[in-house]
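Quick notes on the structure that follows.
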Amino acid sequence: MKVSTYRQEAIEERKGIPDSYLEIEVRAPQTHGAGFSMYTDYEIVCKTNMPLFKSKQSTVRRRYSRFESLKFKLEENDYEIKVPNLPGKVFKNRFSHQVIEERRSGLERFLQILCSNITLIQDYEESKANMIINFIQGK
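Counted from 1, the sequence shown has number 51 at position 60 by this note's numbering; the numbering is strictly sequential.
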(Lines of atoms letter the chains of each structure in order from A and count residues from 1; the text may use other names and numbers.)
(Lines give C-alpha, C1' and ligand atoms only; values in the text may rest on other atoms or scores of the structure.)
Protein backbone atom coordinates (compact mmCIF):
# COMPACT_ATOMS: atom_id res chain seq x y z
CA MET A 1 0.00 0.00 0.00
CA LYS A 2 1.45 3.35 -1.05
CA VAL A 3 1.19 6.25 1.40
CA SER A 4 0.21 9.53 -0.18
CA THR A 5 2.58 12.48 0.08
CA TYR A 6 0.04 14.37 2.16
CA ARG A 7 -0.35 11.44 4.58
CA GLN A 8 3.46 11.04 4.82
CA GLU A 9 3.82 14.75 5.68
CA ALA A 10 1.20 14.38 8.40
CA ILE A 11 3.10 11.42 9.86
CA GLU A 12 6.36 13.40 9.85
CA GLU A 13 4.65 16.35 11.56
CA ARG A 14 3.41 14.09 14.34
CA LYS A 15 6.90 12.68 14.80
CA GLY A 16 8.20 16.21 15.20
CA ILE A 17 10.52 16.20 12.20
CA PRO A 18 11.05 19.87 11.27
CA ASP A 19 10.84 21.12 7.70
CA SER A 20 14.52 21.91 7.80
CA TYR A 21 17.17 21.43 10.43
CA LEU A 22 20.88 21.95 10.79
CA GLU A 23 22.95 20.52 13.62
CA ILE A 24 26.58 21.57 13.95
CA GLU A 25 28.85 20.07 16.58
CA VAL A 26 32.55 20.72 17.15
CA ARG A 27 34.06 17.87 19.14
CA ALA A 28 36.96 15.47 19.65
CA PRO A 29 39.94 17.85 19.78
CA GLN A 30 43.25 16.16 18.95
CA THR A 31 46.69 17.63 19.50
CA HIS A 32 49.40 16.65 17.02
CA GLY A 33 53.14 17.16 16.70
CA ALA A 34 55.74 18.25 19.23
CA GLY A 35 57.50 21.45 20.25
CA PHE A 36 56.85 24.44 18.00
CA SER A 37 55.01 22.32 15.43
CA MET A 38 52.23 21.29 17.87
CA TYR A 39 48.66 22.09 16.90
CA THR A 40 45.14 21.01 17.81
CA ASP A 41 42.41 20.22 15.33
CA TYR A 42 38.70 19.73 15.92
CA GLU A 43 36.09 17.46 14.37
CA ILE A 44 33.11 19.24 12.83
CA VAL A 45 29.99 17.09 12.56
CA CYS A 46 27.10 18.35 10.44
CA LYS A 47 23.63 16.80 10.19
CA THR A 48 21.04 18.54 8.03
CA ASN A 49 18.21 18.13 5.58
CA MET A 50 18.68 21.60 4.08
CA PRO A 51 18.98 21.49 0.27
CA LEU A 52 21.84 24.02 0.37
CA PHE A 53 24.13 21.33 1.78
CA LYS A 54 25.60 18.66 -0.48
CA SER A 55 25.48 15.88 2.15
CA LYS A 56 22.96 15.08 4.86
CA GLN A 57 25.78 14.08 7.21
CA SER A 58 29.44 14.98 7.16
CA THR A 59 32.50 14.97 9.37
CA VAL A 60 35.71 16.93 8.80
CA ARG A 61 38.67 18.04 10.94
CA ARG A 62 39.82 21.68 11.01
CA ARG A 63 42.55 23.63 12.78
CA TYR A 64 41.92 27.01 14.41
CA SER A 65 43.91 28.69 11.63
CA ARG A 66 41.37 27.41 9.08
CA PHE A 67 38.57 29.03 11.09
CA GLU A 68 40.55 32.29 11.01
CA SER A 69 40.93 32.01 7.23
CA LEU A 70 37.20 31.43 6.79
CA LYS A 71 36.36 34.47 8.93
CA PHE A 72 38.82 36.65 6.99
CA LYS A 73 37.40 35.55 3.61
CA LEU A 74 33.82 36.14 4.73
CA GLU A 75 34.62 39.65 5.97
CA GLU A 76 36.76 40.55 2.96
CA ASN A 77 35.26 43.48 1.04
CA ASP A 78 31.93 43.02 2.77
CA TYR A 79 30.35 44.99 5.56
CA GLU A 80 26.83 43.62 5.08
CA ILE A 81 27.46 40.16 6.56
CA LYS A 82 28.09 40.23 10.30
CA VAL A 83 30.58 37.46 10.99
CA PRO A 84 30.65 36.31 14.63
CA ASN A 85 33.84 36.51 16.65
CA LEU A 86 36.17 33.58 17.07
CA PRO A 87 37.57 32.67 20.46
CA GLY A 88 40.74 34.67 21.02
CA LYS A 89 44.30 33.56 20.37
CA VAL A 90 45.97 31.88 23.34
CA PHE A 91 49.72 31.97 23.82
CA LYS A 92 50.13 30.53 27.30
CA ASN A 93 49.08 26.97 28.20
CA ARG A 94 47.34 26.68 24.83
CA PHE A 95 47.45 22.88 24.95
CA SER A 96 45.90 22.53 28.41
CA HIS A 97 42.60 20.68 28.60
CA GLN A 98 40.77 23.80 29.85
CA VAL A 99 42.04 26.04 27.03
CA ILE A 100 41.28 23.43 24.35
CA GLU A 101 37.75 22.90 25.72
CA GLU A 102 37.06 26.65 25.85
CA ARG A 103 38.27 27.02 22.27
CA ARG A 104 36.20 24.01 21.13
CA SER A 105 33.09 25.54 22.68
CA GLY A 106 33.83 28.93 21.08
CA LEU A 107 34.40 27.40 17.64
CA GLU A 108 31.12 25.50 17.89
CA ARG A 109 29.29 28.70 18.86
CA PHE A 110 30.98 30.53 15.93
CA LEU A 111 29.70 27.95 13.40
CA GLN A 112 26.24 27.73 14.93
CA ILE A 113 25.76 31.51 14.81
CA LEU A 114 27.17 31.69 11.29
CA CYS A 115 24.91 28.88 10.05
CA SER A 116 21.81 30.24 11.76
CA ASN A 117 21.68 32.77 8.90
CA ILE A 118 22.93 30.55 6.06
CA THR A 119 19.82 30.99 3.89
CA LEU A 120 19.99 34.79 4.26
CA ILE A 121 23.68 34.72 3.39
CA GLN A 122 22.92 32.61 0.32
CA ASP A 123 20.25 35.08 -0.79
CA TYR A 124 22.74 37.92 -0.33
CA GLU A 125 25.88 36.30 -1.73
CA GLU A 126 25.80 32.67 -2.82
CA SER A 127 29.60 32.31 -3.03
CA LYS A 128 29.99 33.12 0.68
CA ALA A 129 27.28 30.63 1.64
CA ASN A 130 29.09 27.99 -0.43
CA MET A 131 32.35 28.90 1.31
CA ILE A 132 30.73 28.18 4.68
CA ILE A 133 29.17 24.93 3.48
CA ASN A 134 32.43 23.73 1.96
CA PHE A 135 34.26 24.53 5.18
CA ILE A 136 31.77 22.52 7.24
CA GLN A 137 31.47 19.61 4.84
CA GLY A 138 35.12 19.32 3.92
CA LYS A 139 34.95 19.91 0.22
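Think of the CB as a built atom: it goes at the ideal place given N, C-alpha and C, for glycine as much as any other residue.
Proximity of residue i and residue j at Cβ, strictly below 9 Å
i      : j     : result
ILE124 : LYS45 : yes
ARG54  : ILE35 : no
LYS62  : PHE27 : no
ILE91  : THR31 : yes
The ligand GTP heavy atom lying under 8 Å from the CB of residue i
i     : result
ARG54 : In the structure shown, the ligand GTP is absent, as is every other ligand, since no ligand is present at all.
Cut-off 7 Å between Cβ atoms - residues of its own chain near residue i, not counting five sequence neighbours on either side
i      : result
GLN103 : ILE15
LYS119 : LEU65, ILE72 and ILE112
SER60  : none
Close Cβ partners of residue i (< 6 Å) along its chain, the five nearest in sequence each way excluded
i     : result
MET41 : SER11 and LEU13
Own chain partners of residue i with C-beta closer than 8 Å, once the 5 adjacent residues on each side are dropped
i      : result
THR50  : GLU34, ILE35, VAL36, CYS37 and GLY129
CYS106 : LEU13, ILE15, ILE123 and ILE127
ASN76  : PHE101
GLY24  : TYR30
THR22  : MET29, TYR30, THR31, PHE86 and ILE91
ARG57  : PHE126
Cutoff 9 Å: residue i Cβ touching any chain C Cβ
i     : result
GLU59 : Absent here is chain C; the protein component of the structure consists of one chain.
Contact the region 32 to 48 vs the region 76 to 90: 3+ CB pairs below 8 Å
Contact fails: fewer than three Cβ-Cβ distances are below 8 Å.
Return the chain-ordered ranges of every beta strand (DSSP E) run that is complete within the region 2 to 53 and spans a minimum of 3 residues.
If only complete runs of 3 or more residues are kept, the region 2 to 53 shows the beta strand (DSSP E) at 13 to 23 and 30 to 39, in order along the chain.
| task | Could you say if the region 16 to 29 and the region 88 to 102 meet the contact criterion of at least three C-beta pairs nearer than 8 Å? | result | The count of Cβ pairs closer than 8 Å, one atom from the region 16 to 29 and one from the region 88 to 102, reaches three, so the stretches are in contact.
Runs of alpha helix (DSSP H) lying entirely within the region 45 to 114, each at least 4 residues, in chain order
Those alpha helix (DSSP H) runs which fall completely within the region 45 to 114 and span 4+ residues are 55 to 66 and 88 to 106.
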